[in-house]
Amino acid sequence: MFETLGDRLAAVLKKISGRGVLRPEDVEAGLREVRMALLEADVNFKVVKEFVDRVRARLVGVEVAPGLTAPQQVVKAINLELVELLGGNSDGLHYSPTPPTVLMLAGLQGSGKTTTAVKLALLARRDGHKPLLVALDLRRPAAVEQLRILADREGLAFQSGNGTVEEIARGALKEASRLGNDVVILDTAGRLHIDAELMDELKRLKAAVPVTETLLVADAMTGQEAVKVGEAFAGAVGVDGVILTKLDGDARGGAALSLRLATGQRIRFAGTGERPQDLEVFHAERMASRILGMGDVLSLIERAERTIDQEAVKEVESHMRSGHLTFDDFLVQIRQLRSMGSLEGILDMVPGGAKLKGQVAGADSEREVRRMEAVILSMTARERTHPEIIDGARRRRIARGSGLQPADVNRVLKAREAMQQVAKQFGLGNRGSKAGVSRLFGQGGSGWSR
Ligand SMILES: Nc1nc2c(ncn2[C@@H]2O[C@H](COP(=O)(O)OP(=O)(O)OP(=O)(O)O)[C@@H](O)[C@H]2O)c(=O)[nH]1
Ligand SMILES: [Mg+2]
Numbered sequence: 078m079f080e081t082l083g084d085r086l087a088a089v090l091k092k093i094s095g096r097g098v099l100r101p102e103d104v105e106a107g108l109r110e111v112r113m114a115l116l117e118a119d120v121n122f123k124v125v126k127e128f129v130d131r132v133r134a135r136l137v138g139v140e141v142a143p144g145l146t147a148p149q150q151v152v153k154a155i156n157l158e159l160v161e162l163l164g165g166n167s168d169g170l171h172y173s174p175t176p177p178t179v180l181m182l183a184g185l186q187g188s189g190k191t192t193t194a195v196k197l198a199l200l201a202r203r204d205g206h207k208p209l210l211v212a213l214d215l216r217r218p219a220a221v222e223q224l225r226i227l228a229d230r231e232g233l234a235f236q237s238g239n240g241t242v243e244e245i246a247r248g249a250l251k252e253a254s255r256l257g258n259d260v261v262i263l264d265t266a267g268r269l270h271i272d273a274e275l276m277d278e279l280k281r282l283k284a285a286v287p288v289t290e291t292l293l294v295a296d297a298m299t300g301q302e303a304v305k306v307g308e309a310f311a312g313a314v315g316v317d318g319v320i321l322t323k324l325d326g327d328a329r330g331g332a333a334l335s336l337r338l339a340t341g342q343r344i345r346f347a348g349t350g351e352r353p354q355d356l357e358v359f360h361a362e363r364m365a366s367r368i369l370g371m372g373d374v375l376s377l378i379e380r381a382e383r384t385i386d387q388e389a390v391k392e393v394e395s396h397m398r399s400g401h402l403t404f405d406d407f408l409v410q411i412r413q414l415r416s417m418g419s420l421e422g423i424l425d426m427v428p429g430g431a432k433l434k435g436q437v438a439g440a441d442s443e444r445e446v447r448r449m450e451a452v453i454l455s456m457t458a459r460e461r462t463h464p465e466i467i468d469g470a471r472r473r474r475i476a477r478g479s480g481l482q483p484a485d486v487n488r489v490l491k492a493r494e495a496m497q498q499v500a501k502q503f504g505l506g507n508r509g510s511k512a513g514v515s516r517l518f519g520q521g522g523s524g525w526s527r
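Quick note, our numbering runs 77 ahead of the 1-based positions in the sequence shown.
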């Protein structure tokens, strides 16, 4: 299981602590442990292969970054890929542009549906909405009462009824429109195991009322079962997002990865306790570090990189002044940009930045930066210092190494040139370089191959 990913790596990492360049055999030894840990956690083998390939591309033959040790560099690469695989940070609840927003919670027995229904209702209320909780668990006699009590305690509107789940749901929607409830949360019944009857009930429910989103509620302790659960619900009912509960326990979060891959959907929220306020918007970085189990190492890396950045920035500036911007310089700029926060925030600070804002989607900029990074890290040291030698064949090789297309490599090549141009145009020094980076992102807002 995932519990051991960090532990598994520890021994391998210890052996490479003195290296300045990561030798392929060292990287392979580390990747073997990663592969085993993921396979044991029931992650699909194709995904494991892709994951391992992408981590490899970030590492083989790469010089260890200044300020980092070889083990730190490996941990960092694995962590970055985990974040990517987890699909990035969640954007919370999606309210329907045409109210009411109907949220259907589905999941196995005891996964936390009823508790989560109340948590979501409170969140919707905090967001300025008027939620209605609907009890549709007619299987467990006490289930309706459980939701009623929880709703009462929080002063939330509650609806139950007689008849089939479809009838109750339809009735609840009418009631919602009469009372002005613009968010309707359906708490459905669970089953001990995946079963056809349950799936059928959920499908009928979905056909009866206009469900905005079906959210799969799953226990973080699910472990091996998570892939099956995710696939079953996604296949039979359709899942738009996942809520992972009981993360306050000692689950390492492996289920997050499995559920994300099995459903193809993001983890939206994490349940972090039994109380109605214990709900957090899902945070991919936090989860990746939990899966990796090396939080201390990650914060060390961050600190090391911040310190190095200051020195590197000075060097970049001197290169800019001499008119020769290498890809190593470019990388420093990109990383500096990332550590400065959101791209939109930065654009606010540069002249003409506001105009570029529309072209850069907030959620994607982080991703773009990561891709640029992947392209540059797939270059050899000579290519980075002498970009002019990058011909068609090299371009294809770099694309392969970074898991992207030659066109993406072209974009990064052009971006470096653009930045050099802009640096000249805006004058030199700190302010000039910030403007340069922002400008080039404005030019490359979209169009990555995947
Ligand atoms: N520690 C912790 N406990 C949770 C969390 N979410 C739910 N629980 C607990 O898990 C148990 C089951 O939660 P319910 O909300 O009743 O689960 P359910 O999916 O509605 O269960 P059924 O209606 O039987 O299918 C309860 O004791 C909850 O208090 C969480 O995030 N953390
Ligand atoms: Mg329940």
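The C-beta atom is built at its ideal place from N, Cα and C for all residues, glycine as well. Here the structure is a predicted model, which is why all the values come from computation and not from measurement.
If you measure between the beta carbons of residue i and residue j, is that distance less than 9 Å?
i      : j      : result
Lys207 : Ala183 : no
Leu145 : Glu392 : no
Gly189 : Val294 : yes
Ala147 : Val195 : no
Ala311 : Thr340 : yes
Thr265 : Met181 : yes
Arg268 : Glu243 : no
Ala134 : Leu82  : no
Arg131 : Glu161 : yes
Gln236 : Ile226 : no
Gly138 : Thr457 : yes
Is the closest heavy atom of ligand 2 to the C-beta of residue i under 8 Å?
i      : result
Gly372 : no
Arg217 : yes
Thr322 : no
Thr299 : no
Lys196 : no
Ala220 : yes
According to DSSP, is residue i part of a helix, a strand, or is it coil?
i      : result
Asp264 : strand
Asp272 : coil
Arg352 : coil
Ala495 : helix
Thr531 : As shown, the chain starts at 78 and ends at 527. That puts residue 531 outside it, with no answer to give.
Leu279 : helix
Ile344 : strand
Val314 : coil
Ala295 : strand
Val132 : helix
Val242 : helix
Arg85  : helix
Gly248 : helix
Gln223 : helix
Ile93  : coil
Thr462 : helix
Val120 : coil
Compare the C-alpha of residue i against each of the options and name the closest.
i      : options                        : result
Thr198 : Arg448, Asp355, Ser335         : Looking at the sequence provided, one finds Ala at residue 198 rather than Thr. The residue with the shortest Cα to Cα distance from Ala198 is Asp355.
Lys305 : Ala328, Ala285, Ala333         : Ala333
Leu275 : Gly240, Val319, Leu213, Ile245 : Leu213
Asn529 : Arg343, Glu445, Glu394         : Residue 529 lies beyond the residue range present for the chain, which begins at 78 and ends at 527; the question has no answer from this structure.
Leu215 : Leu293, Glu278, Glu302, Val260 : Glu278
Arg367 : Arg472, Gly331, Ala142, His270 : Gly331
Leu528 : Glu394, Phe407, Ala154         : Past the boundaries of the shown model lies residue 528; the chain is included only from 78 to 527, so the question cannot be answered.
Leu402 : Met496, Ala246, Glu252, Thr289 : Met496
Arg412 : Ser399, Gly400, Glu379, Lys92  : Glu379
Arg85  : Arg109, Asp272, Ser94          : Arg109
Gly348 : Lys323, Arg337, Gly372         : Lys323
Glu465 : Leu454, Asn487, Glu445, Glu450 : Asn487
Glu127 : Pro483, Gln410, Arg477         : Arg477
Ala253 : Arg217, Glu231, Ile271, Val179 : Val179
Checking the sheet assignment: what are the DSSP bridge partners for residue i?
i      : result
Glu140 : Val98
Glu231 : In DSSP, Glu231 forms no bridge with anything.
Pro208 : Val260
Leu180 : Ile262, Glu290
Gln236 : Val211
Glu379 : DSSP output for Glu379 lists no bridge partner at all.
Glu127 : Answer by DSSP bridge pairing: none, since Glu127 is not bridged.
Val358 : Phe346
For chain D, find out if any of its Cβ atoms is closer than 9 Å to the Cβ of residue i; answer yes or no.
i      : result
Lys251 : The displayed structure is made up of one protein chain only, and chain D is not part of it.
Any heavy atom of ligand 1 closer than 8 Å to the CB of residue i?
i      : result
Asp325 : yes
Gly350 : yes
Thr291 : no
Asp229 : no
Asp272 : no
Val358 : no
Val242 : no
Ser167 : no
Val294 : yes
Is it the case that the CB of residue i approaches a heavy atom of ligand 3 more closely than 8 Å?
i      : result
Ala365 : In terms of ligand content, the structure shown lacks ligand 3 and carries ligand 1 and ligand 2 instead.
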